[in-house]
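**Q**
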Amino acid sequence: MSWLTEYRRRHISRPLMRLMKQQLPPISRTEQEALDSGNVWWDSELFSGKPDWGRLHTLPISKLNAEEQAFLEGPVEELCRRLDDWRITHELYDLPPDIWEFLKQHRFFGMIIPKDYGGLGFSALAHSQVVMKVSSRSATAAVTVMVPNSLGPGELLMKYGTQAQKDYYLPRLADGREIPCFALTGPEAGSDASSIPDSGVVCRQDFNGEKNVLGIRLNWEKRYITLGPVATLLGLAFQLYDPEHLLGEQDGLGITVALIPTHHKGVEIGTRHYPLDIPFQNGPNRGRDVFIPLDWLIGGREQAGNGWRMLVECLGEGRGISLPALSTGAAKVASRYTGAYARVRQQFGMPIGQFEGVEEPLARILGNTYIMDAGRILTATAIDQGQRPAVITALLKYQLTERMRRLVNDAMDISGGAGICMGPSNYLARAYQSIPIGITVEGANILTRSLIVFGQGAMRCHPWLLKEIRAAQAEDDEAFDSVFLGHVRHILANLGRSVWYGLSNAVFVTSGSPLTRRHYRNLSRLSSQFALLADYAALSLGGSLKRRERLSGRMADILANLYLCSAVLKHFEDQGEPEADLPLLEYASALTIHRAQQAMLAAFHNLPRPWLAKTLRTLMFPYGKPFSPPDDKLIHQVARLALEPSATRDRLTAGVYITNDPADRMGRIEDALHKTLAAAEIEKQLRKLLKEGKLQAHTVDEAIAEARDKGLLDKFSAERLLAARKAVQNATRVDDFPAEYFRKSGSYPANQQMNTQSG
Numbered sequence: 008m009s010w011l012t013e014y015r016r017r018h019i020s021r022p023l024m025r026l027m028k029q030q031l032p033p034i035s036r037t038e039q040e041a042l043d044s045g046n047v048w049w050d051s052e053l054f055s056g057k058p059d060w061g062r063l064h065t066l067p068i069s070k071l072n073a074e075e076q077a078f079l080e081g082p083v084e085e086l087c088r089r090l091d092d093w094r095i096t097h098e099l100y101d102l103p104p105d106i107w108e109f110l111k112q113h114r115f116f117g118m119i120i121p122k123d124y125g126g127l128g129f130s131a132l133a134h135s136q137v138v139m140k141v142s143s144r145s146a147t148a149a150v151t152v153m154v155p156n157s158l159g160p161g162e163l164l165m166k167y168g169t170q171a172q173k174d175y176y177l178p179r180l181a182d183g184r185e186i187p188c189f190a191l192t193g194p195e196a197g198s199d200a201s202s203i204p205d206s207g208v209v210c211r212q213d214f215n216g217e218k219n220v221l222g223i224r225l226n227w228e229k230r231y232i233t234l235g236p237v238a239t240l241l242g243l244a245f246q247l248y249d250p251e252h253l254l255g256e257q258d259g260l261g262i263t264v265a266l267i268p269t270h271h272k273g274v275e276i277g278t279r280h281y282p283l284d285i286p287f288q289n290g291p292n293r294g295r296d297v298f299i300p301l302d303w304l305i306g307g308r309e310q311a312g313n314g315w316r317m318l319v320e321c322l323g324e325g326r327g328i329s330l331p332a333l334s335t336g337a338a339k340v341a342s343r344y345t346g347a348y349a350r351v352r353q354q355f356g357m358p359i360g361q362f363e364g365v366e367e368p369l370a371r372i373l374g375n376t377y378i379m380d381a382g383r384i385l386t387a388t389a390i391d392q393g394q395r396p397a398v399i400t401a402l403l404k405y406q407l408t409e410r411m412r413r414l415v416n417d418a419m420d421i422s423g424g425a426g427i428c429m430g431p432s433n434y435l436a437r438a439y440q441s442i443p444i445g446i447t448v449e450g451a452n453i454l455t456r457s458l459i460v461f462g463q464g465a466m467r468c469h470p471w472l473l474k475e476i477r478a479a480q481a482e483d484d485e486a487f488d489s490v491f492l493g494h495v496r497h498i499l500a501n502l503g504r505s506v507w508y509g510l511s512n513a514v515f516v517t518s519g520s521p522l523t524r525r526h527y528r529n530l531s532r533l534s535s536q537f538a539l540l541a542d543y544a545a546l547s548l549g550g551s552l553k554r555r556e557r558l559s560g561r562m563a564d565i566l567a568n569l570y571l572c573s574a575v576l577k578h579f580e581d582q583g584e585p586e587a588d589l590p591l592l593e594y595a596s597a598l599t600i601h602r603a604q605q606a607m608l609a610a611f612h613n614l615p616r617p618w619l620a621k622t623l624r625t626l627m628f629p630y631g632k633p634f635s636p637p638d639d640k641l642i643h644q645v646a647r648l649a650l651e652p653s654a655t656r657d658r659l660t661a662g663v664y665i666t667n668d669p670a671d672r673m674g675r676i677e678d679a680l681h682k683t684l685a686a687a688e689i690e691k692q693l694r695k696l697l698k699e700g701k702l703q704a705h706t707v708d709e710a711i712a713e714a715r716d717k718g719l720l721d722k723f724s725a726e727r728l729l730a731a732r733k734a735v736q737n738a739t740r741v742d743d744f745p746a747e748y749f750r751k752s753g754s755y756p757a758n759q760q761m762n763t764q765s766g
């Protein structure tokens with residue numbers, strides 16, 4: 008060892024190691040298990056400051072196999088056709104019995120279960136496609152399909168169950184003989200699920216005619232448990248204690264997971280919850296002094312105390328598929344049908360979609376749908392390739408549910424009165440009502456954004472930080488010195504790149520095609536700046552960074568938008584870079600890049616040592632803010648894509664249930680769009696006749712009849728125009744409610760009949 012190395016260790020590395028150990032809070036067991044679960048993937052590239060774009064380019068995107076495609080075109084299509092969401096939500100408050108039977112018969116609950124156990128053995132992409140398509144018809148049906156294939160006994164059994172448990176339960180779960188639920192959340196443990204008070208005590212007791220059986224006496228109370236009211240099989244998380252040391256030397260073993268039949272003595276299923284008028288089965292359950300044998304633990308005795316690790320690993324994959332798919336389904340429905348509505352609905356003699364004020368939210372809907380679909384597909388691909396990207400699945404869930412919130416609100420604004428009046432024809436209202444459910448479940452968005460994404464991301468994805476922490480905790484000054492030097496080189500490299508990219512706008516980055524290269528340059532620039540900013544935050548705040556939730560949330564927004572922009576570029580390339588889709592690419596890239604920039608600037612304003620933060624900001628952005636949101640010209644181009652059929656519109660909305668049946672709540676709008684466009688030139692001709700005074704009629708229908716009678720319109724043209732008029736009236740109508748529905752309030756006269764149709 009040279010004198011220089013010894014001097015550095017003694018006077019630099021060792022004091023820094025001691026300082027770090029003093030400042031950093033200890034990592035709890037549950038935090039360590041969360042860090043150890045899953046792995047890092049493209050998020051680590053973005054954290055590095057120098058993403059390997061070749062890794063993204065060469066990634067083969069998942070494709071559906073023939074069996075999966077046939078399932079989507081067969082049972083899923085039929086299910087969607089049969090789903091009557093108004094009847095489900097307004098009359099039955101549940102799925103009809105025939106739909107429950109259909110789901111079991113076609114093994115919708117066994118999509119993730121291998122074929123060897125009677126399941127479908129589908130890929131993550133197929134799982135996502137099924138949920139997305141079903142969600143485009145009914146949130147209740149989608150949630151019912153999601154839960155058995157997401158966090159629940161099925162996945163836990165496949166990964167951790169004993170062979171006997173797999174052999175018995177997986178076939179029964181696959182064909183619907185068992186309906187599962189998973190009970191984690193309780194009155195005192197919601198977001199802080201690791202602190203659940205529910206307990207189990209290892210003991211011996213007579214059971215099923217056997218004497219002195221080794222088992223667990225359980226006490227629990229849970230709520231918000233989806234499928235709980237109808238479940239036959241309860242997955243239960245609880246804290247396990249062993250005061251008599253029947254299993255080992257430890258008194259407290261930690262969170263443990265058991266599988267309990269709901270008919271088991273002592274299990275109580277409470278009355279249903281009713282989440283915002285979306286009647287998927289959800290409710291509480293509890294148990295008092297419920298004895299179960301030890302082999303009812305998932306994985307048996309060997310997995311006692313390993314429940315938290317099991318849960319975070321399964322939750323990570325589930326929330327990367329189910330809720331992103333549901334959110335994207337809502338987005339595609341809004342893009343396709345709200346766009347069509349904006350074309351057929353006229354005010355002041357022109358389609359409302361041509362007003363600049365409507366173009367702006369319409370473009371937001373389409374642009375965010377493109378972003379969401381790209382993120383959904385890229386993440387499903389990663390999971391299919393064996394990745395377990397815990398940080399990415401967390402950010403995808405919070406980003407896509409938040410974007411769904413915004414675009415469904417935009418769709419409601421465009422639809423106006425037709426959107427706010429509840430009834431069988433309203434295709435938006437239930438999606439609007441259900442938004443907070445997706446925001447809240449599988450990791451509440453506030454928590455996920457402010458604590459998990461950057462908090463775990465910095466620890467998992469940073470190439471040196473976690474190594475430094477572990478070396479400091481172990482007081483290994485040799486290891487700390489080595490990783491500290493690596494960290495210094497990492498900071499200096501990102502500082503150099505950030506300054507150079509700021510001055511040159513990364514013009515020498517050559518990744519991507521001529522259509523995408525500018526966006527790769529922007530991403531490369533922001534990635535290096537994000538990595539440098541993350542180090543500045545960590546070094547200046549130390550252990551207190553963990554408590555700076557607003558700052559952590561802004562850093563999470565940067566990472567999330569960089570990831571989503573990467574997904575957008577990959578999506579555009581994998582679709583063959585269609586020129587017609589360029590407005591969507593440009594809009595999605597501009598939106599995500601601008602949001603990442605704004606989050607970065609907001610972070611700078613709230614960092615310690617403002618003079619140093621300001622200096623760093625000036626080095627990164629020497630010419631001011633380089634990135635702007637989508638401009639008016641681009642907004643116009645994107646909005647126009649929503650107003651008429653095209654290959655771009657079909658690509659954007661692919662995978663949801665599509666119909667032009669005028670009797671269907673969404674098909675009536677699609678039907679009106681096609682008939683309106685087919686009669687567009689005839690309508691112009693009629694308006695010209697009215698303007699020239701050649702017709703004296705006072706209404707449009709009278710004008711059509713008069714023009715036909717005078718020979719100014721042929722019979723075929725008149726019939727086509729009348730058919731379009733009728734289709735538009737059907738598409739824009741508002742449902743009447745019978746007087747009996749309002750009698751309880753006394754505000755609606757029993758003998759009054761109203762016609763609220765609008766043309």
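For any residue, its number in this note's numbering is found by taking its place in the sequence shown, counting from 1, and adding 7.
Using N, Cα and C, we set each Cβ at its ideal position, and we do this for glycine too.
In the DSSP output, what is Arg211 paired with across the bridge?
**A** Numbered from its first residue, the sequence shown carries residue 211 at position 204. According to DSSP, which records beta bridges pairwise, Arg211 is partnered with Leu221.
**Q** Residues in the same chain with beta-carbon distance under 6 angstroms from Arg715, minus the five sequence neighbours each way, listed in chain order, please.
**A** The residue you call residue 715 lines up with position 708 of the sequence shown. Same-chain partners within the cutoff: Ala725.
**Q** Starting from the Cα of Val274, find the closest Cα among Arg293, Gly259, Thr263 and give me that residue.
**A** Residue 274 sits at position 267 when you count from the first residue of the sequence shown. Answer by Cα proximity: Arg293.
**Q** In whole angstroms, what is the alpha-carbon distance linking Pro745 and Gly430?
**A** For the purposes of this step, residue 745 is taken as residue 738 along the sequence shown, with counting starting at 1. For the purposes of this step, residue 430 is taken as residue 423 along the sequence shown, with counting starting at 1. Looking at the two C-alpha atoms, the distance is approximately 11 angstroms.
**Q** Nearest by alpha-carbon distance to Pro160: which of Pro250, Gly550, Ser143, Gly306 is it?
**A** The count along the sequence shown starts at 1 and reaches residue 160 at position 153. Checked all of Pro250, Gly550, Ser143, Gly306; the closest Cα to Pro160 is Gly306.
**Q** Between Leu26, Arg602, Gly125, which has its C-alpha nearest His533's C-alpha?
**A** Translated into positions along the sequence shown, residue 533 becomes position 526. Checking the sequence shown, residue 533 turns out to be Leu, not His. Nearest of Leu26, Arg602, Gly125 to Leu533, Cα basis: Arg602.
**Q** Quick one: is the Cβ of Leu63 within less than 7 angstroms of any heavy atom of the ligand ATP?
**A** The model depicted lacks the ligand ATP and carries no ligand whatsoever.
**Q** Check this for me: beta carbons of Asp484 and Ser20, under 8 angstroms apart or not?
**A** Within the sequence shown, residue 484 is the residue found at index 477, counting from 1. Within the sequence shown, residue 20 is the residue found at index 13, counting from 1. Yes; because the gap between Cβ atoms is below 8 angstroms, this pair is in contact.
**Q** Distance check for Glu713 and Gln703, CA to CA, integer angstroms please.
**A** Position 696 of the sequence shown, counted from the first residue, corresponds to residue 703. Position 706 of the sequence shown, counted from the first residue, corresponds to residue 713. When rounded, the distance between both Cα atoms is 8 angstroms.
**Q** Whole angstroms is fine: what's the gap from His280's alpha carbon to Lys229's?
**A** Here residue 280 refers to the residue found at position 273 of the sequence shown. Here residue 229 refers to the residue found at position 222 of the sequence shown. Approximately 12 angstroms, taken between the alpha carbons.
**Q** What number of angstroms, rounded off, separates the C-alpha of Met562 from the C-alpha of Arg624?
**A** As a first step, residue 562 must be located in the sequence shown, where it is residue number 555. As a first step, residue 624 must be located in the sequence shown, where it is residue number 617. When rounded, the distance between both Cα atoms is 15 angstroms.
**Q** Between which residues of its own chain and Arg413 is the CB-CB distance below 8 angstroms, once the five residues before and five after are set aside?
**A** Taking the first residue of the sequence shown as position 1, residue 413 is located at position 406. Arg371, Asn375.
**Q** Just reading off the beta strand (DSSP E) that Phe189 is part of, what are its end residues?
**A** Taking the sequence shown and counting its residues from 1, one reaches residue 189 at position 182. Per DSSP, Phe189 belongs to the beta strand (DSSP E) from 187–190.
**Q** Could you name the residues of the same chain whose beta carbon sits closer than 6 angstroms to that of Ala149, not counting the 5 residues immediately before and after it, in chain order?
**A** For the purposes of this step, residue 149 is taken as residue 142 along the sequence shown, with counting starting at 1. Hits under 6 angstroms: Val138, Val141, Ser142, Leu333.
**Q** Can you pull the DSSP bridge partners for Gly294?
**A** Sequence index remark: in the sequence shown, residue 294 carries index 287 (1-based). DSSP lists Trp227, Val274 as partners of Gly294.
**Q** Going by other Cβ atoms of all chains shown within 10 Å of its Cβ, with 16 needed for buried, is Thr622 buried or exposed?
**A** The residue given as residue 622 occupies position 615 in the sequence shown. It counts as exposed.
**Q** Can at least three beta-carbon pairs, one atom from the stretch 308–315 and one from the stretch 249–261, be found at a separation below 8 angstroms?
**A** Contact holds: three or more Cβ-Cβ distances are below 8 angstroms.
**Q** In terms of alpha-carbon separation, which member of Lys218, Ile120, Ala131 lies closest to Glu174?
**A** On the sequence shown, position 167 is the one that residue 174 refers to. The sequence given here places Asp at residue 174; Glu does not occur at that position. Comparing Cα positions, the closest option is Ile120.
**Q** If you drop the 5 nearest sequence neighbours on each side, which residues of the same chain put their C-beta closer than 8 angstroms to that of Leu569?
**A** Taking the first residue of the sequence shown as position 1, residue 569 is located at position 562. So the list reads Leu53, Leu530, Leu533, Ser534, Phe537, Thr599, Ala603, once near-sequence residues are dropped.
**Q** Please state the DSSP three-state secondary structure of Gln392.
**A** Here residue 392 refers to the residue found at position 385 of the sequence shown. Three-state result, Gln392: coil.
**Q** Under a three-way DSSP split, which group does Gly259 fall into?
**A** Your numbering for residue 259 matches position 252 in the sequence shown. Strand.
**Q** Exposed or buried, Gly612, counting other C-beta atoms within 10 Å across all chains shown (16 or more means buried)?
**A** In the sequence shown, residue 612 corresponds to position 605, counting from 1. It is worth fixing the name first, because residue 612 is His in this sequence and not Gly. Per the 10 Å Cβ criterion, exposed.
**Q** If I follow the unbroken alpha helix (DSSP H) through Phe628, where does it start and stop?
**A** Here the question's residue 628 lines up with position 621 in the sequence shown. Phe628 -> no alpha helix (DSSP H), and no H or E assigned at all.
**Q** Assuming contact is defined by CB atoms lying nearer than 8 angstroms, are Leu301 and Ile223 in contact in what I supplied?
**A** Looking up residue 301 in the sequence shown gives position 294. Looking up residue 223 in the sequence shown gives position 216. Yes, the pair counts as a contact, with Cβ atoms nearer than the cut-off.
**Q** Pull up the DSSP beta-bridge partners for Leu569, would you.
**A** Here the question's residue 569 lines up with position 562 in the sequence shown. DSSP output for Leu569 lists no bridge partner at all.
**Q** Note the first and the last residue of the continuous beta strand (DSSP E) segment covering Gly242.
**A** Here residue 242 is taken as the residue at index 235 of the sequence shown, counted from 1. 240–248 is the extent of the beta strand (DSSP E) around Gly242.
**Q** May I ask you to list the residues that DSSP assigns as paired with Pro300?
**A** On the sequence shown, position 293 is the one that residue 300 refers to. Gly222.
**Q** Would Ala238 pass as a contact of Pro187 if the rule is Cβ separation under 8 angstroms?
**A** In the sequence shown, the residue the question calls residue 238 occupies position 231. In the sequence shown, the residue the question calls residue 187 occupies position 180. Yes, the pair counts as a contact, with Cβ atoms nearer than the cut-off.
**Q** May I ask you to report which of helix, strand or coil DSSP gives Thr706?
**A** Within the sequence shown, residue 706 is the residue found at index 699, counting from 1. Reduced to three states, the DSSP call for Thr706 is coil.
**Q** Considering only C-alpha positions, which residue in the set Leu90, Trp60, Leu221 is nearest to Arg144?
**A** In the sequence shown, counting from the first residue as 1, residue 144 sits at position 137. Out of Leu90, Trp60, Leu221, Leu90 has the C-alpha closest to the C-alpha of Arg144.
**Q** Just the Cα atoms here: how many angstroms apart are Arg525 and Gly445?
**A** For the purposes of this step, residue 525 is taken as residue 518 along the sequence shown, with counting starting at 1. For the purposes of this step, residue 445 is taken as residue 438 along the sequence shown, with counting starting at 1. When rounded, the distance between both Cα atoms is 34 angstroms.
**Q** Whole angstroms is fine: what's the gap from Gln394's alpha carbon to Leu614's?
**A** By 1-based counting over the sequence shown, the position of residue 394 is 387. By 1-based counting over the sequence shown, the position of residue 614 is 607. Taking the straight line joining both Cα atoms gives about 34 angstroms.
**Q** Taking only beta-carbon positions, decide if Gln246 is within less than 8 angstroms of chain B.
**A** Looking at the structure shown, chain B is missing, and only one protein chain is on hand.
**Q** Check whether the stretch 54–69 touches the stretch 404–423, counting contact only when three or more Cβ pairs, one atom from each stretch, lie closer than 8 angstroms.
**A** Too few Cβ pairs lie closer than 8 angstroms, so no.
**Q** Less than 8 angstroms between the C-beta atoms of Arg16 and Asp488, yes or no?
**A** By one-based count along the sequence shown, residue 16 stands at place 9. By one-based count along the sequence shown, residue 488 stands at place 481. Yes, Cβ-Cβ distance for Arg16 and Asp488 is below 8 angstroms.
**Q** Taking the C-alpha atoms as reference points, what is the distance between Leu729 and Asp708?
**A** Residue mapping note: residue 729 aligns to position 722 of the sequence shown, counting from 1. Residue mapping note: residue 708 aligns to position 701 of the sequence shown, counting from 1. Near 7 angstroms, if we compare the C-alpha coordinates of Asp708 and Leu729.
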